[in-house]
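Q: Residue numbers for the sequence shown follow this note's numbering, beginning at -8 and rising by one.
Take a look at the following structure, please.
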Amino acid sequence: MIRLEFAEGLMKMLQRSWTPLMAAAFAVVTALAAQSARAEELAKDLFGAKKLPAVAAPQSFGFYSKGCFAGGVAIPMDGPHWEVMRPSRNRRWGHPVMIGLIEKLSRDAAADGWPGLLVGDISQPRGGPMLTGHASHQIGLDADIWLTPMPDNRLSTNQREKMSATLLVDEKTHLVKEALWKPQHALLLKRAASYPEVERILVNPGIKKKLCDTVKGDRAWLRKIRPFWGHDYHFHIRIGCQPGSPDCKRQEATVRGDGCDQSLAWWFTDEPWRPAKNPDKPKARELMTMASLPRECRAVLDAPAPSSAEAATYHGDGRSIAAAAAEPAVAAAPEPAITSGAGALPASASAFAATPEIGIPLPRPRPGN
Ligand SMILES: [Zn+2]
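Here is the structure:
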């Protein structure tokens, strides 16, 4: 009897002390498991699901092809000299300097005689890898602009979704289609290259060649025009890391010269156009987890959103309403890193060291292959 009571007492004592311990241990194990599952979630799914930006001071984290950004603002769907294309993609977000620059380009280009810009993809609201397309465009500093001028009549939402792009380059010869190429295209590219913030403009090699063959007088701006796959119906503007983004990773500087040399000739050999050896290999952005991105991108993902897209839409005043009202929710930036400006160009930079870090996209198969 006594022994039974003793045994019961022991059991109760054990239950009292072990249960909280077990529960605590279980909680730790569960939390760890959840954390690791969360870390392995694909970044493109998490960032692709965000409809609104991270309310914080504008800041880019990481590299153009591996990063994210806070304090994004949207370009309005319509402006006096621009229209946003493919609105359902919700990729009209960027660093305020990028958005301001597109608006400025639209005004300057209109003054040059270009009717207006059709704005393609910029970034997702918080950047990051995308569900489809683009290796880069992840830190709010890249923007695609169509090479088709804005039509006279405003496009409907449906037309913006469906209107097919005009390819300016012949897929067989990789040369521009003479009937479609206009001097205004060159003027537009020259204007875009004229801004000190713009470090590179990616165009199809055929377009680069056309400029090399026809631009007279000042050719210094051709240094920023870089040949790349695709980019036959749009050009891609890339600006440098902005002040206030100490964790933004600079790209390699372009080499001196106009680039109308052997590096361009390479594009007119077979090599760049050979079918990929392993065409089904997934692209880097399709595999990126949160662990692949800069640590701060978790905070960007978790940061509060503005009340609406309109609240974070840029109206030309240099800052959005949301950014103006924001407490810096993401780690405050130390002293702004001054990263723009020409700086010294490494002599070792290859003539087509065109953004090697963005991951070389697979060449499109040559026609007939
Ligand atoms: Zn692009």
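Backbone N, C-alpha and C fix where the C-beta goes; we use that ideal spot for every residue, glycine too.
(1) Please classify residue 247 as buried or exposed, where buried requires at least 16 other C-beta atoms within 10 Å of its C-beta.
(2) Of all the options 167, 109, 242 and 297, which has the alpha carbon lying nearest to the alpha carbon of residue 141?
(3) Kindly indicate the opening and closing residues of the beta strand (DSSP E) around residue 51.
(4) My understanding is that residue 136 touches residue 228, with C-beta atoms under 8 Å, so please give their C-beta distance in whole angstroms.
(5) Taking 7 Å as the line, does the beta carbon of residue 133 fall inside it for any heavy atom of ligand 1?
(6) Taking buried to mean at least 16 other C-beta atoms within 10 Å of its own C-beta, is residue 147 buried or exposed?
(7) Rounded to whole angstroms, how far is the Cβ of residue 213 from the Cβ of residue 249, which I believe are closer than 8 Å?
(8) Check residue 336 in the structure and name its three-state DSSP category.
(9) In or out: residue 83 buried (at least 16 other Cβ within 10 Å) or exposed?
(10) Alpha carbons only, please: which of 294, 38, 164 and 100 is nearest the one belonging to residue 139?
(11) Is DSSP giving residue 143 helix, strand or coil here?
(12) Could you give the distance in angstroms between the alpha-carbon of residue 210 and the alpha-carbon of residue 37?
(13) Give me, in chain order, the residues of the same chain whose beta-carbon lies closer than 6 Å to that of residue 75; leave out the 5 immediate sequence neighbours on both sides.
(14) To the nearest angstrom, report how far apart residue 122 and residue 194 are at their CA atoms.
(15) Using a Cβ-based criterion (distance less than 7 Å to any ligand heavy atom), does residue 209 qualify as near ligand 1?
(16) Given the structure, does residue 86 come close to ligand 1, in the sense that its CB is under 7 Å from one of the ligand's heavy atoms?
(17) As a quick exercise: from 118, 132 and 170, pick the residue whose alpha carbon is nearest that of residue 191.
(18) Check residue 151 in the structure and name its three-state DSSP category.
(19) So, do the stretch 227 to 244 and the stretch 202 to 209 have three or more beta carbon pairs nearer to each other than 8 Å?
(20) From what residue to what residue does the beta strand (DSSP E) around residue 109 run?
(21) What are the uninterrupted segments assigned as alpha helix (DSSP H) that are 4 or more residues long and contained completely in the stretch 33 to 93, given in chain order?
(22) Classify residue 278 as buried or exposed, calling it buried when 16 or more other Cβ atoms lie within 10 Å of its own Cβ.
(23) Terminal residues of the continuous beta strand (DSSP E) containing residue 133?
(24) Shorter than 7 Å, the distance from the beta carbon of residue 128 to the closest heavy atom of ligand 1, or not?
(25) Measure from the alpha carbon of residue 414 to the alpha carbon of each residue in 223, 262 and 259, then state which is nearest.
(26) Under the assumption that residue 51 contacts residue 242 (Cβ atoms under 8 Å), give the Cβ distance between them as a whole number of angstroms.
(27) Taking residue 215 as the reference, which of 97, 221 and 183 has the closest Cα?
(28) Using the beta-carbon count (16 or more within 10 Å), is residue 164 buried or exposed?
(29) Judging by CA-CA distance, which residue of 55, 176, 263 and 43 is the nearest neighbour of residue 104?
(30) Residue 125 to residue 208, Cα distance in whole Å?
(31) Just to check, is the beta-carbon of residue 165 closer than 7 Å to a non-hydrogen atom of ligand 1?
(32) Going by other Cβ atoms of all chains shown within 10 Å of its Cβ, with 16 needed for buried, is residue 157 buried or exposed?
(33) Which residues share a DSSP beta bridge with residue 203?
A: Well, looking at it:
(1) Here residue 247 is taken as the residue at index 256 of the sequence shown, counted from 1. So residue 247 ends up on the exposed side.
(2) Here residue 141 corresponds to residue number 150 of the sequence shown, with the count starting at 1. Closest option to residue 141, Cα to Cα, is 109.
(3) In the sequence shown, the residue the question calls residue 51 occupies position 60. It spans 50 to 54 - the beta strand (DSSP E) in which residue 51 sits, taken as one unbroken run.
(4) Within the sequence shown, the letter at position 145 stands for residue 136. Within the sequence shown, the letter at position 237 stands for residue 228. Confirmed, about 7 Å.
(5) Translated into the one-based positions of the sequence shown, residue 133 becomes position 142. For residue 133, the distance from the CB to the nearest heavy atom of ligand 1 is below 7 Å.
(6) On the sequence shown, position 156 is the one that residue 147 refers to. Exposed, by the Cβ-count rule.
(7) Along the sequence shown, one-based indexing puts residue 213 at 222. Along the sequence shown, one-based indexing puts residue 249 at 258. Their Cβ separation, rounded to whole angstroms, is 4 Å, which keeps residue 213 and residue 249 in contact under 8 Å.
(8) Numbered from 1 along the sequence shown, position 345 holds the residue referred to as residue 336. Confidence at residue 336 is low in this model, with a pLDDT of 26, below 50, so the placement of that residue should be treated as unreliable; the coordinate-derived value is given next. Assignment of residue 336 by DSSP, reduced to helix, strand and coil, places it in the coil class.
(9) The residue labelled residue 83 in the question sits at position 92 within the sequence shown. With 16 or more Cβ atoms within 10 Å of its Cβ, residue 83 is classed as buried.
(10) Counting from 1 along the sequence shown, the entry for residue 139 is found at position 148. Among 294, 38, 164 and 100, the Cα nearest to that of residue 139 belongs to 100.
(11) To locate residue 143, count along the sequence shown from 1; it is residue 152. It is coil, neither helix nor strand.
(12) Reading the sequence shown from its first residue, position 219 is the one you call residue 210. Reading the sequence shown from its first residue, position 46 is the one you call residue 37. Their backbone Cα atoms lie some 43 Å apart in a straight line.
(13) For the purposes of this step, residue 75 is taken as the residue at position 84 of the sequence shown. Around residue 75: 68, 83 and 110.
(14) Here residue 122 refers to the residue found at position 131 of the sequence shown. Here residue 194 refers to the residue found at position 203 of the sequence shown. The straight-line gap from Cα to Cα measures roughly 23 Å.
(15) As a working mapping, residue 209 is identified with position 218 in the sequence shown. Checking the Cβ of residue 209 against ligand 1 gives no.
(16) Position 95 of the sequence shown, counted from the start, is the residue given in the question as residue 86. Relative to the non-hydrogen atoms of ligand 1, the Cβ of residue 86 never comes closer than 7 Å to any of them.
(17) Counting from one through the sequence shown, the residue named residue 191 turns up at place 200. Among 118, 132 and 170, the Cα nearest to that of residue 191 belongs to 132.
(18) In the sequence shown, counting from the first residue as 1, residue 151 sits at position 160. If DSSP states are grouped into helix, strand and coil, residue 151 belongs with the helices.
(19) no
(20) For this step, residue 109 is matched to residue 118 along the sequence shown. Boundaries of the beta strand (DSSP E) harbouring residue 109: 108 to 110, taken from the DSSP string.
(21) 34 to 39
(22) Along the sequence shown, one-based indexing puts residue 278 at 287. It is exposed - the Cβ of residue 278 has fewer than 16 other Cβ atoms within 10 Å.
(23) For this step, residue 133 is matched to residue 142 along the sequence shown. The continuous beta strand (DSSP E) containing residue 133 extends over residues 133 to 137.
(24) Translated into the one-based positions of the sequence shown, residue 128 becomes position 137. For residue 128, the distance from the CB to the nearest heavy atom of ligand 1 is below 7 Å.
(25) Since the first and last residues shown for the chain are -8 and 360, residue 414 lies out of range.
(26) For the purposes of this step, residue 51 is taken as the residue at position 60 of the sequence shown. For the purposes of this step, residue 242 is taken as the residue at position 251 of the sequence shown. 12 Å between Cβ atoms; not a contact.
(27) Here residue 215 is taken as the residue at index 224 of the sequence shown, counted from 1. If we check each option's Cα against that of residue 215, 183 comes out closest.
(28) Here residue 164 refers to the residue found at position 173 of the sequence shown. Answer is exposed; the Cβ neighbour count stays below 16.
(29) Here the question's residue 104 lines up with position 113 in the sequence shown. For the set 55, 176, 263 and 43, the Cα lying nearest the Cα of residue 104 is the one of 176.
(30) Within the sequence shown, residue 125 is the residue found at index 134, counting from 1. Within the sequence shown, residue 208 is the residue found at index 217, counting from 1. Near 34 Å, if we compare the C-alpha coordinates of residue 208 and residue 125.
(31) Taking the sequence shown and counting its residues from 1, one reaches residue 165 at position 174. Not under cutoff, so the answer is no.
(32) If you number the sequence shown from 1, residue 157 lands on position 166. That one is exposed.
(33) Indexing the sequence shown from 1 puts residue 203 at position 212. Per DSSP, none; premise fails for residue 203.
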